[in-house]
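Colleague: Start counting the sequence shown at 74; every next residue gets the next number (the numbering used here).
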Amino acid sequence: MEGIKILAYPYNTSREEKWRFIEQIKDRLLAKHEDIIIAIGVYGSIGQHSDGAYSDIELHVVTKDGTSIAELEIVYPPFKLEIGVTERTKWLAKLRRVDDSWAIWYGAFVHIISLYDPEGFFATVKKLELSISDEKIKTIMREFMIWEPYETMGKIRNCYNNGDLTYLSRAAYDITWQTAKLIGLANKQYYSTRAATYKESLLMPSIPSGYQALVAKVIEGDLRNKEGLYHLCEDLWTGLNEWYLQLGIVYVSKELSI
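Okay, structure coming up:
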């Protein structure tokens, strides 16, 4: 762009260039550690064939139990590379774990293009179903509501009451992101990527009222009307609490247990 100084990095690379580099990394890993490597795979945007010119490269390496390889996250021009290493048993344990961010991170463990997988490990993992009870989901959602959205709404009201609305734009993002995590949990559906979270959350069967209007503002990025933004936050907060009642989740305690 004329008159604007733009750094060369992050670098623009083609899909073909990325894949040539990925193959080099795979070959290097196997040359040094083939005896302990169970599987190597690509995840992230490349793993879902949605990468762009500036996307980074993310690799999973699964090793035999009791073995390890140094993890790596570097900028090696023109690429940005991340290699995560996990033992087989720990990998399976991660897949069975469910927390408040489950809908955000789970996709990275199932949307994988296999580079090296003689035992069919990744294919087997994809067939594993999420075995978690509705009650466990409700417990996680109850705890998260107290930890995050409730506190965020308190901060939003403090800002509004004090007449200082500078935090409101950030708070609107916070409460929509927190709600997106809850929507994924409630529907037992995970997002394909972080970037697609808002878009995919709107397509899920069960969402709280007020969410669509606020998330549309966040996606649009025009958060200048602070008064209107505050009321959208209040609408979502009301909808979120009504949604919890519909789901049978009670997070307000009637007794002090100490």
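Idealized CB from N, CA, C, for every residue including glycine.
1) For Y149, name the three-state secondary structure that DSSP assigns.
2) DSSP puts V135 in a beta bridge; with which residues?
3) Would you tell me roughly how many angstroms separate the C-alpha atoms of I280 and G180, rounded to the nearest one?
4) Residues bridged to S187 by DSSP?
5) Can Y264 and I142 be called in contact, C-beta distance under 9 Å?
6) Quick one: grab the DSSP three-state call for I229.
7) When we look at the beta-carbon of D108 and count the other beta-carbons within 10 Å, is it buried (16 or more) or exposed?
8) Between which two residues does the alpha helix (DSSP H) containing D247 stretch?
9) If distances are taken between C-alpha atoms only, which option among L145, G321, E146, I111 comes closest to T136?
10) Counting Cβ pairs, one atom from each stretch, are 3 or more of them under 8 Å apart for the segment 139-156 and the segment 81-101?
11) What is the residue span of the alpha helix (DSSP H) that S274 lies within?
12) Buried or exposed, going by whether 16 or more other CB atoms sit within 10 Å of the CB of V148?
13) What number of angstroms, rounded off, separates the C-alpha of Y189 from the C-alpha of I113?
14) The alpha helix (DSSP H) spanning A196 covers which residue range?
15) Since I believe H133 is in contact with I185 (beta carbons under 8 Å), could you give me their beta-carbon distance rounded to a whole number of angstroms?
16) Does the separation of the CB atoms of D172 and I213 fall below 9 Å?
17) Relative to the alpha-carbon of G312, which residue among H122, I256, D124 has its alpha-carbon at the smallest distance?
18) Once DSSP output is grouped into helix, strand and coil, what is the label at I280?
19) Once you ignore the five residues that flank L103 on each side, which residues in its own chain have a CB closer than 8 Å to its CB?
20) DSSP three-state call for L296: helix, strand or coil?
21) With a CB to CB cut of under 8 Å and the five nearest residues on each side skipped, what residues in its chain are close to G321?
22) Is the segment 216-233 touching the segment 266-278, taking contact as three or more C-beta pairs under 8 Å?
23) In whole angstroms, give me the CA-to-CA distance for S71 and D124.
24) Is it buried or exposed, A244, if we count other Cβ atoms within 10 angstroms and call 16 or more buried?
Modeller: Taking the structure as given:
1) On the sequence shown, residue 149 is found 76 positions in, with the first residue counted as 1. In the structure shown, Y149 adopts extended strand secondary structure according to DSSP, grouped into three states.
2) As a position in the sequence shown, residue 135 is number 62, starting the count at 1. Per DSSP, the beta bridge partners of V135 are A112, T159.
3) Stepping through the sequence shown from its first residue, residue 280 is reached at position 207. Stepping through the sequence shown from its first residue, residue 180 is reached at position 107. For I280 and G180, the distance between alpha carbons rounds to 20 Å.
4) Indexing the sequence shown from 1 puts residue 187 at position 114. DSSP links S187 through a beta bridge to G114.
5) One-based indexing of the sequence shown puts residue 264 at position 191. One-based indexing of the sequence shown puts residue 142 at position 69. Cβ atoms of Y264 and I142: not closer than 9 Å.
6) Residue mapping note: residue 229 aligns to position 156 of the sequence shown, counting from 1. If DSSP states are grouped into helix, strand and coil, I229 belongs with the helices.
7) For the purposes of this step, residue 108 is identified with residue 35 of the sequence shown, where counting begins at 1. Classification of D108: exposed, given that the 10 Å Cβ count is below 16.
8) In the sequence shown, the residue the question calls residue 247 occupies position 174. Per DSSP, D247 belongs to the alpha helix (DSSP H) from 241-260.
9) As a working note, residue 136 is residue 63 in the sequence shown. Nearest to T136 by alpha-carbon distance, out of L145, G321, E146, I111, is I111.
10) Below 8 Å, enough C-beta pairs join the segment 139-156 and the segment 81-101 to call them touching: three or more.
11) Counting from one through the sequence shown, the residue named residue 274 turns up at place 201. In the DSSP annotation of this structure, the continuous segment of the alpha helix (DSSP H) that includes S274 starts and ends at 270-274.
12) Residue mapping note: residue 148 aligns to position 75 of the sequence shown, counting from 1. The residue is exposed, with fewer than 16 neighbouring Cβ atoms inside 10 Å.
13) Indexing the sequence shown from 1 puts residue 189 at position 116. Indexing the sequence shown from 1 puts residue 113 at position 40. Approximately 5 Å, taken between the alpha carbons.
14) The count along the sequence shown starts at 1 and reaches residue 196 at position 123. Taken as a continuous stretch (DSSP letters only), the alpha helix (DSSP H) holding A196 covers 194-199.
15) One-based indexing of the sequence shown puts residue 185 at position 112. One-based indexing of the sequence shown puts residue 133 at position 60. Contact check for I185 and H133: beta-carbon distance about 6 Å, within the 8 Å limit, so the pair qualifies.
16) By 1-based counting over the sequence shown, the position of residue 172 is 99. By 1-based counting over the sequence shown, the position of residue 213 is 140. With a cutoff of 9 Å on beta-carbon distance, D172 and I213 are scored as near each other.
17) Within the sequence shown, numbered from 1, the residue matching residue 312 stands at position 239. Comparing alpha carbon positions, the residue from H122, I256, D124 closest to G312 is I256.
18) Translated into the one-based positions of the sequence shown, residue 280 becomes position 207. In this structure, I280 counts as coil in the three-state DSSP scheme.
19) Indexing the sequence shown from 1 puts residue 103 at position 30. So the list reads I110, I113, Y189, once near-sequence residues are dropped.
20) By one-based count along the sequence shown, residue 296 stands at place 223. L296 carries a coil assignment under DSSP once its states are collapsed to helix, strand and coil.
21) Here residue 321 refers to the residue found at position 248 of the sequence shown. Closer than 8 Å at Cβ, skipping near neighbours: K211.
22) Short answer: they don't touch.
23) Because the chain in this structure spans residues 74 to 331, residue 71 falls outside the shown range and cannot be described.
24) Walking along the sequence shown from the start, residue 244 turns up at place 171. When all chains shown are included, A244 counts as buried.
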